[in-house]
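Residue numbers (full-length UniProt numbering): 1 to 480.
Cβ coordinates follow ideal geometry from the N, Cα and C atoms, glycine included.
Just so it is clear, the structure is predicted and the values come from calculations on it, not from any experiment.
Below is one structure, written out as structure tokens; the observations come after it.
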């Protein structure tokens, strides 16, 4: 949201009213499409208001003004005549002017009167937007791990989740660490080497890290490094991030190749075993047949060669051995069927092996490039939060100064101008800017956040046919 505590209260109250009176409002059936859209998003509107209040407290912005809740840490030690006649620069290193500790939560209200307020707010809100964005994307990556566990895909945890998490942490989470380190380490009331004038630029430091700038000896009085061992740490993070690229690109295809080769070897071994069993059953059947023919000839008291050579007796012998031969034929038929089936499977594995691997390689290359480039563009995309807050702040100040400012100087106009200010604030700053902030936030969730864990591939389209239904029922059986 745009980060205004005052306007956030209005949105929160409106959303809470719709949620609490949900049943009564649903009972009032209306054909107003605009109201249906707003009422359908009542829970989202409530959350928008709550988070706008939270970010408004961080920015200390209430209707373009600031609240002095904890007391300012700045104390201008000048009399009224000096303060009213000149522009002054407060020195944070002077303990009489600054308490040497920051405002406990949010921005110090003294920035409301500073001439460089916009410059400071731009830097502050830009960093806050990056921090929110990085943690938001990391949360989406952790959701992908829960998806892999839910769908029982352990190899995706090792092939996607771990390298993606390492890449994000080594590059962008380290950037967030630099922001917090610079906020907490450098100050005006201490050693000159950690004064604000010696604080290196985070942007320059990050660019030098990515471009692999060679090591330079730090200046003992004003170093380009924020802490000892920073160069080694940055080079290690960069190497790990680069190693994650072939990890994401090649791990899944290699596992697929290994799995297919193992399956093919297993099927070939199984085919050989089945063929040996088939040949063994055939030899055993012929031997048993000869023994039974000899036994029949002995029973009828005839010579074996004469008995076997006569056609009527052969028919009799075969009729007597019908049951055993049927069993043998069934066994051989079953074995042969299994051999054919297994042989087809092995042939299928051989035929589609190259096709599957090439398809997986292409898909994995696209996915890897999309993730790496998307990590950079998505992080920059969260800067829209800074732009929304800045635009909202400027519009709020214009309405306050141009509308209510005249009412303060002319007290009799205050009653009328307040109504004008309230209508313009609700119509422009709450409705129009609220809709704009909602659309931007929706884009951040759908593109930057969902892309980390949500595939959205759906199901293949299957046209309606009775043949498909009958085959499915025949395969699974009728439903009870």
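Three-state class that DSSP yields for residue i in the structure shown
| i | result |
| --- | --- |
| residue 28 | coil |
| residue 213 | coil |
| residue 11 | helix |
| residue 174 | helix |
| residue 54 | helix |
| residue 415 | helix |
| residue 450 | helix |
| residue 225 | coil |
| residue 186 | coil |
| residue 201 | coil |
| residue 195 | coil |
| residue 206 | helix |
| residue 274 | helix |
| residue 334 | Caution is warranted here: a pLDDT of 40 is assigned to residue 334, below 50, making its placement in the model unreliable, and no coordinate value can be reported. |
| residue 262 | helix |
| residue 158 | helix |
| residue 458 | coil |
| residue 321 | Any reading at residue 321 needs caution, since the residue's pLDDT is 44, under 50, leaving its predicted position unreliable; the model's value is listed next. Three-state result, residue 321: coil. |
| residue 429 | helix |
| residue 482 | An answer regarding residue 482 cannot be provided, because it is not within the stretch 1 to 480 covered by the chain. |
| residue 88 | coil |
Cα-Cα separation between residue i and residue j, rounded to whole angstroms
| i | j | result |
| --- | --- | --- |
| residue 456 | residue 106 | 39 Å |
| residue 181 | residue 266 | 56 Å |
| residue 195 | residue 251 | 47 Å |
| residue 306 | residue 272 | Only weak support exists for where residue 306 lies, its pLDDT of 48 falling under 50; the value from the coordinates is given anyway. Distance between the alpha carbons of residue 306 and residue 272 is about 40 Å. |
| residue 16 | residue 58 | 22 Å |
| residue 468 | residue 460 | 14 Å |
| residue 417 | residue 404 | 6 Å |
| residue 79 | residue 241 | 57 Å |
| residue 331 | residue 275 | With a pLDDT of 40 at residue 331, under the threshold of 50, the predicted position of this residue should be treated as unreliable, though the coordinate-derived value follows. One C-alpha to the other measures close to 13 Å. |
| residue 13 | residue 24 | 17 Å |
| residue 473 | residue 462 | 16 Å |
| residue 48 | residue 220 | 48 Å |
| residue 113 | residue 95 | 20 Å |
| residue 212 | residue 32 | 60 Å |
| residue 70 | residue 188 | 22 Å |
| residue 36 | residue 421 | 28 Å |
| residue 152 | residue 198 | 52 Å |
| residue 480 | residue 466 | Low confidence applies here, because residue 480 scores a pLDDT of 47, under 50, leaving its location unreliable; read the following figure in that light. So the two alpha carbons sit approximately 19 Å from each other. |
| residue 108 | residue 99 | 12 Å |
| residue 118 | residue 125 | 10 Å |
| residue 110 | residue 120 | 12 Å |
| residue 233 | residue 165 | 17 Å |
| residue 210 | residue 55 | 31 Å |
Inter-residue CB distance, residue i and residue j (contact presumed, cutoff 8 Å)
| i | j | result |
| --- | --- | --- |
| residue 144 | residue 161 | 6 Å |
| residue 379 | residue 245 | In fact, because the Cβ distance is near 17 Å, the residues do not count as touching under 8 Å. |
| residue 430 | residue 7 | 5 Å |
| residue 2 | residue 72 | Rounded, the Cβ-Cβ distance is 25 Å, inconsistent with contact. |
| residue 449 | residue 40 | Not really, about 21 Å apart at Cβ, beyond 8 Å. |
| residue 536 | residue 5 | A query on residue 536 cannot be resolved here, the shown segment of the chain reaching from 1 to 480 and no further. |
| residue 175 | residue 142 | Rounded, the Cβ-Cβ distance is 19 Å, inconsistent with contact. |
| residue 10 | residue 45 | About 11 Å separates the two Cβ atoms, so there is no contact after all. |
| residue 413 | residue 129 | In fact, because the Cβ distance is near 39 Å, the residues do not count as touching under 8 Å. |
| residue 435 | residue 360 | No, residue 435 and residue 360 are not in contact; Cβ-Cβ is about 43 Å, not under 8 Å. |
| residue 247 | residue 163 | 4 Å |
| residue 224 | residue 192 | In fact, because the Cβ distance is near 15 Å, the residues do not count as touching under 8 Å. |
Per DSSP, the bridge partner or partners of residue i
| i | result |
| --- | --- |
| residue 125 | In DSSP, residue 125 forms no bridge with anything. |
| residue 62 | 65 |
| residue 247 | Per DSSP, none; premise fails for residue 247. |
| residue 74 | 98 |
Proximity below 9 Å, CB of residue i to CB of residue j
| i | j | result |
| --- | --- | --- |
| residue 439 | residue 133 | no |
| residue 185 | residue 226 | yes |
| residue 425 | residue 399 | yes |
| residue 173 | residue 202 | no |
| residue 157 | residue 253 | no |
| residue 388 | residue 428 | no |
| residue 64 | residue 393 | yes |
| residue 375 | residue 137 | yes |
Residue i CB to nearest heavy atom of the ligand SAM below 8 Å
| i | result |
| --- | --- |
| residue 15 | With respect to small molecules bound, the structure shown includes none, and the ligand SAM cannot be examined in it. |
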